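Residue numbers (the working numbering): 19 to 131. See structure below.
If you want it as structure tokens, here you go:
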């Protein structure tokens with residue numbers, strides 16, 4: 019059985035063509051939306067959006083009659099709430115982009131058993 023071509027050839031087209039129009043906001047509320055036009059520069063956003071794209075493409079083939087409802091209810095709505103929450107990666111990106119600052123990590127000492 020051959021695997022069909024993806025509807026969106028990359029996560030970037032997926033975000034531009036499906037996610038952004040679907041989760042856009044009315045003009046009067048756009049200032050309060052937590053999103054970055056440079057979403058691709060935030061690793062945690064890329065991880066979530068890439069996994070959403072892959073799940074979308076899988077469901078589109080696996081359950082063609084109902085995939086969109088399943089995708090939105092179980093996957094997209096959850097991850098988009100996480101990405102656009104008040105304490106999200108985009109919390110400081112309302113009017114201008116604020117780059118992600120990684121959490122610090124101290125070097126590990128050699129562990130001996």
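Cβ atoms here follow ideal geometry from the backbone N, Cα and C, with glycine treated the same way. Computed from a predicted structure; not experimentally measured.
Helix, strand or coil, according to DSSP, for residue 34 in the structure here? Taking the first residue of the chain shown as 1, we reach residue 34 at position 16. In the displayed model, residue 34 falls within a helix according to three-state DSSP.
Stretch-stretch touch, CB-based, cutoff 8 Å, three pairs: the stretch 83-98 with the stretch 21-30: Output reads no: the stretch 21-30 does not touch the stretch 83-98.
Where does the unbroken alpha helix (DSSP H) through residue 61 begin, and where does it stop? For this step, residue 61 is matched to residue 43 along the chain shown. In the DSSP assignment, residue 61 falls within the alpha helix (DSSP H) that extends over 61-80.
Relative to the alpha-carbon of residue 108, which residue among 22, 72, 55 and 77 has its alpha-carbon at the smallest distance? Taking the first residue of the chain shown as position 1, residue 108 is located at position 90. Taking each of 22, 72, 55 and 77 in turn and checking the Cα distance to residue 108, the smallest one comes out for 55.
Cα separation between residue 97 and residue 23? Taking the first residue of the chain shown as position 1, residue 97 is located at position 79. Taking the first residue of the chain shown as position 1, residue 23 is located at position 5. If I take the Cα positions, the gap works out to 25 Å.
Does DSSP put residue 84 in a helix, a strand or coil? Walking along the chain shown from the start, residue 84 turns up at place 66. Coil.
Among the residues of its own chain, which have a CB less than 6 Å from the CB of residue 62, if the five just before and after it don't count? Locating residue 62 in the chain shown gives position 44, counting from the first residue. The residues are 107.
If I'm right that residue 102 touches residue 53 with Cβ under 8 Å, what's the distance once you round it to whole angstroms? On the chain shown, position 84 is the one that residue 102 refers to. On the chain shown, position 35 is the one that residue 53 refers to. Going by Cβ atoms, the distance from residue 102 to residue 53 rounds to 6 Å, so yes, they are a contact pair.
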